[in-house]
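Take 4 as the starting number for the sequence shown in our numbering and just add one per residue. Comments concern the structure below.
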Amino acid sequence: IQAKTISNVGLDRKAAFQHLTAAAPLSSYQKVWESFANQTALERDSFLRDVFPSGFLWGVSTGAFNIEGGWAEDGKGESIWDQFGHQGHAYMNQTADVACDSYHKTNYDVYLLRGLQSKLYKFSISWSRIFPSGIKASLNPRGVDYYNKLINSLQDSNIEPMITLFHWDLPQALQDLGGWQNDSIVDAFAAYADFCFATFGDRVKLWITFHEPWVISYAGYGTGKHPPGITNPGVASYKVAHTILKAHAKAWHLYDDKYRSQQHGKVGLVLNSDWAEPRSPASLDDVKAAERYMHFMLGWFAHPIFVNGDYPDILNPVAHLPSFTEEEKLLVKGTADFFDQLAKAQ
Ligand SMILES: *[C@@H]1O[C@H](CO)[C@@H](O)[C@H](O)[C@H]1NC(C)=O
Ligand SMILES: *[C@@H]1O[C@H](CO)[C@@H](O)[C@H](O)[C@H]1NC(C)=O
Numbered sequence: 004i005q006a007k008t009i010s011n012v013g014l015d016r017k018a019a020f021q022h023l024t025a026a027a028p029l030s031s032y033q034k035v036w037e038s039f040a041n042q043t044a045l046e047r048d049s050f051l052r053d054v055f056p057s058g059f060l061w062g063v064s065t066g067a068f069n070i071e072g073g074w075a076e077d078g079k080g081e082s083i084w085d086q087f088g089h090q091g092h093a094y095m096n097q098t099a100d101v102a103c104d105s106y107h108k109t110n111y112d113v114y115l116l117r118g119l120q121s122k123l124y125k126f127s128i129s130w131s132r133i134f135p136s137g138i139k140a141s142l143n144p145r146g147v148d149y150y151n152k153l154i155n156s157l158q159d160s161n162i163e164p165m166i167t168l169f170h171w172d173l174p175q176a177l178q179d180l181g182g183w184q185n186d187s188i189v190d191a192f193a194a195y196a197d198f199c200f201a202t203f204g205d206r207v208k209l210w211i212t213f214h215e216p217w218v219i220s221y222a223g224y225g226t227g228k229h230p231p232g233i234t235n236p237g238v239a240s241y242k243v244a245h246t247i248l249k250a251h252a253k254a255w256h257l258y259d260d261k262y263r264s265q266q267h268g269k270v271g272l273v274l275n276s277d278w279a280e281p282r283s284p285a286s287l288d289d290v291k292a293a294e295r296y297m298h299f300m301l302g303w304f305a306h307p308i309f310v311n312g313d314y315p316d317i318l319n320p321v322a323h324l325p326s327f328t329e330e331e332k333l334l335v336k337g338t339a340d341f342f343d344q345l346a347k348a349q
C-alpha cells in the first residue's frame with residue numbers, strides 16, 4: 004500500500020531512499036536496490052524476456068538415492084538415507100530400495116535421455132556404492148563398474164556427463180563416527196573425491212562437490228526432517244556447514260593441484276537459495292531485511308567461496324558460528340570454477 008501510494012502521487016522514491024540512508028554508507032546490495040527504487044509496480048512485476056546464450060547446455064539432473072535403487076546390491080554399503088527410510092522416518096514410511104531402479108535400467112535411462120535430446124546428464128555418485136564403509140580400504144569394484152558403464156554409455160550417446168560427488172547420501176559408517184560434525188570427515192571426503200577424479204576424470208569434465216549444502220545443514224541438523232535427523236539449528240547446522248565448506252575447498256584444491264592440467268575440467272558446487280526482495284525498495288528496513296535473508300541462506304556458503312574466505316559480517320551475531328583460521332580463509336576463497344544456483348520462486 005505504501006509503495007502504491009508513493010507512486011500514485013508521483014513522489015520521487017529514490018529521494019525518499021536517500022533521505023533514509025543519509026546516516027550510514029550503503030552496502031553493495033542496498034545500492035542495487037537503490038537503483039530500482041523508482042521502478043513502477045508494473046516494471047517491477049514484468050518478466051525479463053530473453054534467449055539463452057549459444058552454447059547453453061540443456062540437461063537433465065538426478066541424485067543417486069532418488070533414482071538408483073539397488074540399495075544393497077553388488078556390495079553397496081548402507082547410506083544415512085537408506086537407514087532413515089528403513090527406520091520408518093521418511094514420508095509415508097517409504098524407502099528408496101527400488102526407486103526408479105536406475106541401477107538395473109541404465110541402458111533404458113540413457114535411451115530416454117537421447118529421446119529428450121539432452122546435451123548433458125548430471126547424476127550423483129553414491130559414496131557407499133563405491134566405498135561401502137566410506138573409506139577407500141572398503142573399495143567395491145562392482146560399484147565402480149556401474150558408474151563406468153553409465154559414463155561410457157552417455158559418451159556413446161554424445162551426452163556430456165556431469166558428476167555430483169555428494170548428494171546427501173552419506174555412508175552410514177561415517178555417520179556413526181559423527182558425520183559432518185566430525186572434522187576428520189574432511190580427509191575422508193577428499194580421499195573419496197581423489198578416487199573419483201582419478202577414476203572417472205578422463206571422461207568427466209564437470210564436477211559438483213556438494214549438492215545444496217544449505218539443505219544438508221538445515222534439514223539434516225536443524226529441523227531434523229532429513230537424516231541424520233538432528234534438531235540443533237543453533238549449533239549443529241553451523242558446525243556441519245563449516246565442515247562442508249572445508250571439505251569442498253579441499254576437494255577443489257586437490258583437483259586444481261593434481262588433475263586440472265591433465266583433465267581440463269571444472270569443479271564447483273550447487274547452492275540452493277530462495278530469492279528475497281524488499282517489499283518496498285524505497286524502505287531501507289525492507290531492503291535490509293531482504294539482504295539478511297539472502298545472506299543467511301546463500302551468503303552463508305557463497306560469501307566464503309566467492310568473496311573472501313569468510314562468512315558475511317551479517318552472520319556475526321550467531322552465537323555458535325565457527326570461525327575460519329587465516330590459513331583456512333585462504334584455502335576456501337575462490338574454490339569454484341562456476342556459479343551454480345538452484346532457485347525457486349516463493
Ligand atoms: C514401516 O515399514 C517397515 C518395514 O517395511 C514396517 O516394519 C513397519 O511396520 C512400517 N511402519 C508403518 C507405520 O507403516
Ligand atoms: C571422528 O572420526 C575418526 C575417524 O576418522 C574417529 O577415529 C573418531 O573417533 C571420530 N570422533 C568421534 C567423536 O566419533
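Don't be surprised by glycine CBs; every beta carbon is placed ideally from N, CA and C.
Three-state class that DSSP yields for K7 in the structure shown: Residue placement at K7 is flagged as unreliable, the pLDDT there being 32, under the threshold of 50; the coordinate-derived value follows with that caveat. In this structure, K7 counts as helix in the three-state DSSP scheme.
Sequence-distant residues of the same chain with beta carbon closer than 8 Å to N311, five excluded per side: K332, K336
P320 versus M297: straight-line alpha-carbon distance, rounded: 16 Å
Assigned exposure category for S187 - 16 Cβ within 10 Å defines buried: exposed
Given A44 as reference, the closest of I219, N185, S283 once Cα atoms are compared: S283
Any 3 or more C-beta pairs closer than 8 Å across the stretch 288 to 296 and the stretch 220 to 234: no
Stretch pair the stretch 51 to 65 + the stretch 122 to 130: three plus CB contacts closer than 8 Å: yes
C-alpha distance - S141 paired with S82, whole-angstrom precision: 14 Å
Residues with C-beta closer than 5 Å to any heavy atom of ligand 2, in chain order: L180, G181, N185, S187
Beta-carbon contacts of A252 that lie in its chain and below 6 Å, excluding the five residues immediately before and after: L334, V335, T338
Simplified DSSP state of S82, which is helix, strand or coil: strand
Per-residue DSSP class, three states only, for F55: coil
CA-to-CA distance, P144 to W171, given in whole angstroms: 22 Å
Meets three-Cβ-pair contact criterion under 8 Å: the stretch 158 to 171 and the stretch 200 to 214: yes
Simplified DSSP assignment, three categories, for V290: helix
Same chain, Cβ closer than 7 Å to Y241, five either side skipped, listed in chain order: V321, H323, L324, P325
Proximal residues to F341 (C-beta, below 8 Å), its chain only, five neighbours per side dropped: K269, G271
W217 vs M300 beta-carbon contact at 8 Å: yes
DSSP three-state assignment for S64, whether helix, strand or coil: strand
Top-ranked residue by Cα proximity to W84, from D77, N96, D205: N96
Proximity to Y114 [Cα-Cα], best of D148, S156, R52: S156
Residues of its chain near L177, where Cβ-Cβ distance is below 7 Å and the 5 sequence neighbours each way are ignored: G137, I188, A191
Classification of A75 by the beta-carbon crowding that lies within 10 angstroms, buried from 16 upward: exposed
Exposure of G72, with buried meaning 16 or more beta-carbon neighbours within 10 Å: buried
Buried or exposed by the 16-neighbour rule on C-beta atoms within 10 Å, applied to R52: exposed
Proximity test, S240 beta-carbon vs ligand 4 heavy atom, cut-off 7 Å: Annotation note on ligand 4: not contained in the displayed structure, which lists ligand 1 and ligand 2 as its ligands.
Buried versus exposed call for K34 [16 or more other C-beta atoms within 10 Å across all chains shown]: exposed
Simplified DSSP assignment, three categories, for H214: strand
Spatial distance of S38 from A279 (CA atoms): 17 Å
Residue closest to A194, alpha-carbon to alpha-carbon, out of T234, I219, K261: K261
Rounded separation between V112 and V243 - CA only: The sequence given here has Asp at residue 112, not Val. When rounded, the distance between both Cα atoms is 34 Å.
8 Å Cβ cutoff met for F198 and I154: no
Where Q265 falls: helix, strand or coil (DSSP): helix
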